[in-house]
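For the protein sequence lines, the chains are B and H, in the order given. Counting from 108, one number per residue, gives the positions in the first sequence under my numbering. Counting from 14, one number per residue, gives the positions in the second sequence under my numbering. This report refers to the structure that appears directly beneath it.
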Amino acid sequence: MPGKENINFNTIMASSVHDMKNSLSIILDTAETLANDDSLSKTQHQSLDLLHIEGERLNNSFIQLLALYRIENNQYSLNIDSHNVYDCLEEAMLENETLLAHHNIELEIQCDQELEWFFDRAMTLGIINTIINNALRHTNNIIALMANTDETGIVISILDNGTGYPDQILNRDDDEQSELSFNSGNTGLGLHFAKIVAEMHIKGDQCGHIELSNDGINCGGKFSIHLP
Amino acid sequence: MALWSLKDKKVLIIDDFAEMRSSLRNMLTPFDVTDISMAKNGDEAIELITQNIFDIILCDYNLGEGKDGQQILEEAKLRGQLPYSTVFLMVTAESTVFMVMGALEHQPDDYLTKPFNASILQKRLKKVLDKKSNLKELSLALQEDNKSLAIELCDREMSLKPGHHNELLKLKTELLIDEQRFDEAREICDSVIAERNLPWARLNIAKIYYFREEYETSKQLLEDIIKEIENYVSAHDWLAQTLIKLGYPVKAQETIESAIEQSPKSVQRQRLLAETAETNEDFVTSERARRHAIRTSKNSVLSDANDFTKLAQAQINNGKPKEALKSIELVKHQFKGDEQAQIAATLSKSKVYKAIGREKQSLELIDEVSDMVKKTSTPIKDNLALEITETFLAHDKADAAQSIVEQLVSNNHDNQELLDKVSQVYSKSDSGQDPSAMVESARKEIRAINNKGVKLLEAGNIDEAIDLFDQALAKTPDNQALNINSAQAYIMKIKSTGKNESLLKKARTCLEKTANNKDLLQRYKTLNAAYWKFANKE
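Printed below as a string of C-alpha cells:
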C-alpha cells in the first residue's frame, strides 16, 4: 500500500479532535444563546436544556476518551503545577452556570480563596465537570463544591441533595470496577477516568484516589478526589 | 450584565472556522466591544497585525494548512506588533498541547480549551488584564533587559502577594541563570523540588550543569526528565545542545528530531536539525529540514536566503543538480536586493557546476563571486566569509581570500571558536599558507584601536573616540570589544550633551550586539542600565 505509512495517525487524531471540538463549541454556544431567549416556550426551554446537558456530557466523555487514549499510548504526562483551587472551582461553576440557572439549582463553593495546590488543572477540571454534570441530573436543588487540605493532601468534593449513588456503584470492587463501569454507561467511564487521573497524581510514595459515598447533603451523593 | 466593559478595545479573532469566529464575536458583544476584526488564516492575521495594534487577540492554535497560532504569535512579537498591553489568548482543542507549547520562547498570556462559554472567556480576560496591570513594572524591566532589577521586582511581587507565585519563581530562576547567579538559582530549584518534583525546576538544574560545563551530569538529568515526560520539548532542545557539546552529533540529531515530532512548525528547530544533519553529512535529512524551514518561514520575517543555498548544497550531495539550480534561482528572485544572498547563491551555483563536471562554468562563477565581493558595500557575514575563503583557497585565489579573512578575523579578534575555524580552513586547503600571522596582526590592530579609543575617552575627547570607533566598526561591525567601547563612548556623549534620539539609537545598536557575550556581561549591564536611565528621561 504505497503512501499508507506516511499517514500519521496522530495527525489525523489531532485534526479530527479539532473539528469535533469546533462542532461541540457551536452546539453548546447555540444552546447557551437560545437559553437566554425569552420568547421560547417552557417546553421548548426544557428540550433545549436536555440538548444542552447532553452536549456537555458528550464533551466530558470526549475529553475522557481522548485523555485515556493518550495515557494508554504514553502520549500524556500530567502537567502538574501550582494552581489556585478556588479559581478552578469557580471555573467549573461558570462552565455550568446556564444549566444550573435553568434547573433552579443552587451551587455553592466552600473553599479558602487563597488555597493553592499542585495538580493537573485541565484533567482535574475534566473530573469535576463530569461529576457536576451527573449531579445536575440527580440532585434535588443543591450542589456544593468543597475543597480543603488534610495531612495527606487536598480533598475536592462534589456533594448534592439527591437520592445518592445506587448500591451497585457504591459497592464496586476496584478490581471489577472497569467491567462494572461500562455496564453503567457514562457514569462508569467518568469514574474510571477519575480513578486513573487521581492515581497518576503521585508525590513520593503517595498517590491520589477517589471516594464515593452517600454522605452528601441530606444523604445525597458525595464524590471526593484526594490528591497528595 | 455588563458591569465590566471592553469598550474602545480593538479585538482580533483568528479562527479557520466561520461559525467559531461568529460565536466568539457574539461572546464579546455584551461587553460593548465594537471594533472587531476577523482573520481566517495565518496570512490574513499577519496582515491585520502588521497594520494595527490590537488590545485583545483570540487565536485558534490549529488553523489547518499554513501558519498555526504559535507562528502568528511569534511573527507578531518579532515584528514588534505585540506590546505588553496586548492580551493574546491561544485557543486549543486539546489541553495536551500546553506542555508542548508551554516551553517555547514566545508565550501567549493564557490558553483556553474549546468549548468555553462567554463567562469563562470574560473571567480569563479579566484575569490577564489584572495581571498585566499588576506586573507592569516587571515587564518594563524585562523589556529594558534589566535583569537584576527584574529579579528584585519578582521578589517584591512575591512578598506582596502570598500564593500565585509559582510563575514568578520560575521567571526569577531563569533570570538568575541568565545572570550567571547559579548558586541562587540552584537553591530555588532545590527548595521547589523538596516540596514537589516539578519539571521546570529539574530542567533548570540541568541547565545550570550545562552552563558550568558539566555536560555529563546535565545529559543524565535531561534524559531522566524525558523518560518521564516525553513531550517536554525544551528538555529535548537542551539535551541536543548538551550532546553537541559532548561531541555526539548523531545522537543530537535524533534528539532534535524527536523534539520536532512534538512541535513541527518551529523554523529555528528545523534549522538546527538541518545544521546538525549537515555536520553529520546526512544530506537527506538536511534537504528535508531545509525545505521544511523554507515552507514554514514563507512570507515571514524569519525567511532566510541561507536556507535556499544550504538546500542547494544538500541537493548537490544528494545527486540532484537540477533541483539545486532551481533552489538557487529562487534566491535570485526572492532576495533581489540582498547582496550577500546573491553572493552566496552564485557561490552555490559554482559548486553545482563543479559537481556535474562543468569546470569552466564553475570557475567563471567563482570569478564572479570574487568581483561581487569587491563591489559589495557591506562586510561579508562570518559563515559566508568562511565558505568563500575555502573556495578561493581551493582555486589558487589566496590573494582574494586574504582580504576576506582579514576582515573576518578583525571582526572576531577575540572569538577563539571562529579563529579556530579559520585555521582549519587553511590547514585543509593545499594553499600552504598559514593564517596565524594575519590573525596576530589583526588582533594587534584592533587592540591598538581600542586602547587609543579608551585613552581618548579618559582624556575627555569623546567626539574623537566616537569617530575612531565608528570608522573601525564600519569595517568590522560585529567586533565585540569595539562595540562595547563604542557604546560607552555614545553614552558618555549623551551624558555630557543630553538626550538625543540618534545617539541613543547608535548606543542601542552597539549594546545589542554585545548582549549575549558572557565575558562582557558586567560592562554590558552597567552600560545598559545607564542607557535606559537616559532613554526614559523626559
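Glycine included, each C-beta is placed from N, C-alpha and C at the ideal position.
{"Asked": "Check the Cβ of H/L211 against every Cβ in chain B and list those closer than 9 Å, keeping chain order.", "Found": "I187, D188, S189 and F225"}
{"Asked": "For the segment 132 to 146 of chain B, list every residue whose C-beta sits within 9 Å of some C-beta in chain H, in sequence order.", "Found": "S132, I133, I134, L135, D136, T137, E139 and T140"}
{"Asked": "Do the segment 57 to 75 of chain H and the segment 86 to 98 of chain H touch if we need at least three Cβ pairs shorter than 8 Å?", "Found": "yes"}
{"Asked": "Would you give the residue range spanned by the alpha helix (DSSP H) that H/T309 belongs to?", "Found": "F296 to S310"}
{"Asked": "Just the C-alpha distance for H/R536 and B/Y193, rounded to the nearest angstrom, thanks.", "Found": "47 Å"}
{"Asked": "Looking at the structure shown, is B/N255 part of a helix, part of a strand, or coil, going by DSSP?", "Found": "strand"}
{"Asked": "Scan the segment 15 to 40 of chain H for residues whose Cβ lies nearer than 8 Å to a Cβ of chain C and list them as they occur along the chain.", "Found": "The chain inventory of the structure shown lacks chain C, comprising the protein chains B and H."}
{"Asked": "Check whether the segment 164 to 173 of chain H touches the segment 236 to 247 of chain B, counting contact only when three or more Cβ pairs, one atom from each stretch, lie closer than 8 Å.", "Found": "no"}
{"Asked": "So is H/C523 buried or exposed if we call it buried at 16+ other beta carbons inside 10 Å?", "Found": "buried"}
{"Asked": "Listed from N- to C-terminal order along the chain, which residues in the segment 116 to 141 of chain H have their beta-carbon within a distance smaller than 7 Å of any beta-carbon of chain B?", "Found": "T126, K127, P128, N130, S132, I133 and K136"}
{"Asked": "Assuming B/G162 and B/T237 make a contact with CB atoms under 8 Å, what is their CB distance in whole Å?", "Found": "B/G162 to B/T237, Cβ: 14 Å. No contact."}
{"Asked": "Go ahead and label H/D412 buried or exposed: buried means 16 or more other beta carbons lie within 10 angstroms of its beta carbon, across all protein chains shown.", "Found": "exposed"}
{"Asked": "Report the rounded CA-to-CA distance for H/S436 versus B/C314, giving the unit in angstroms.", "Found": "59 Å"}
{"Asked": "Roughly how many angstroms separate the alpha carbons of H/L286 and H/N75, rounded to a whole number?", "Found": "24 Å"}
{"Asked": "Taking Cβ-Cβ distances shorter than 8 Å, what residues in chain H pair up with B/E198?", "Found": "I133 and K136"}
{"Asked": "Under 6 Å Cβ to Cβ from B/E179, same chain only, skipping five residues before and after it: list those, please.", "Found": "none"}
{"Asked": "Please classify B/Q273 as buried or exposed, where buried requires at least 16 other C-beta atoms within 10 Å of its C-beta.", "Found": "The sequence shown places Pro at residue 273 of chain B, not Gln. Looking at its Cβ environment, which holds fewer than 16 other Cβ atoms inside 10 Å, B/P273 is exposed."}
{"Asked": "Output yes if chain B places a C-beta closer than 8 Å to the C-beta of H/I507; else output no.", "Found": "no"}
{"Asked": "Does the segment 247 to 260 of chain H come within contact of the segment 220 to 233 of chain H, defined as at least 3 CB pairs closer than 8 Å?", "Found": "yes"}
{"Asked": "Please go through the same chain and pick out, in chain order, the residues whose beta-carbon is closer than 8 Å to the beta-carbon of H/K145, but skip the five residues on each side of it.", "Found": "Y97, S98, V100, D122 and S152"}
{"Asked": "Threshold first: 3 residues or longer. Then list the beta strand (DSSP E) segments lying entirely within the segment 82 to 161 of chain H, N to C.", "Found": "100 to 105 and 123 to 126"}
{"Asked": "In its own chain, which residues sit with a C-beta less than 6 Å from the C-beta of H/I70, not counting the 5 before and 5 after it?", "Found": "L25 and F101"}
{"Asked": "What would DSSP say about H/F67, mapped onto helix, strand or coil?", "Found": "coil"}
{"Asked": "Going by DSSP, name the residue or residues bridged to B/F300.", "Found": "Answer is none; B/F300 lacks a bridge partner."}
{"Asked": "Expressed to the nearest angstrom, what Euclidean distance is found between the alpha-carbon atoms of H/I369 and H/N428?", "Found": "37 Å"}
{"Asked": "Can you look up B/G162 in the DSSP assignment and give me helix, strand or coil?", "Found": "helix"}
{"Asked": "So within the segment 358 to 397 of chain H, which uninterrupted alpha helix (DSSP H) runs reach at least 4 residues, ignoring any that extend past its ends?", "Found": "372 to 388"}
{"Asked": "State the start and end residues of the unbroken beta strand (DSSP E) segment that holds H/Q484.", "Found": "No beta strand (DSSP E) holds H/Q484; the alpha helix (DSSP H) holding it covers I475 to K488."}
{"Asked": "Does the count of Cβ pairs from the segment 44 to 56 of chain H and the segment 139 to 156 of chain B closer than 8 Å reach three?", "Found": "no"}
{"Asked": "Can you name the residues of chain B whose CB is closer than 8 Å to the CB of H/E243?", "Found": "N181, Q182 and S184"}
{"Asked": "Hey, how far is the Cα of B/P335 from the Cα of B/H316?", "Found": "9 Å"}
{"Asked": "Ordered along the chain, which non-local residues of its own chain (more than five positions away) have a Cβ less than 7 Å from that of H/S383?", "Found": "K410 and A413"}
{"Asked": "In three-state terms, what does DSSP make of H/Q437?", "Found": "helix"}
{"Asked": "Does the segment 345 to 358 of chain H come into contact with the segment 395 to 402 of chain H, if we say contact requires no fewer than three beta-carbon pairs (one atom in each stretch) closer than 8 Å?", "Found": "yes"}
{"Asked": "DSSP puts B/F169 in a beta bridge; with which residues?", "Found": "None; B/F169 has no bridge partner."}
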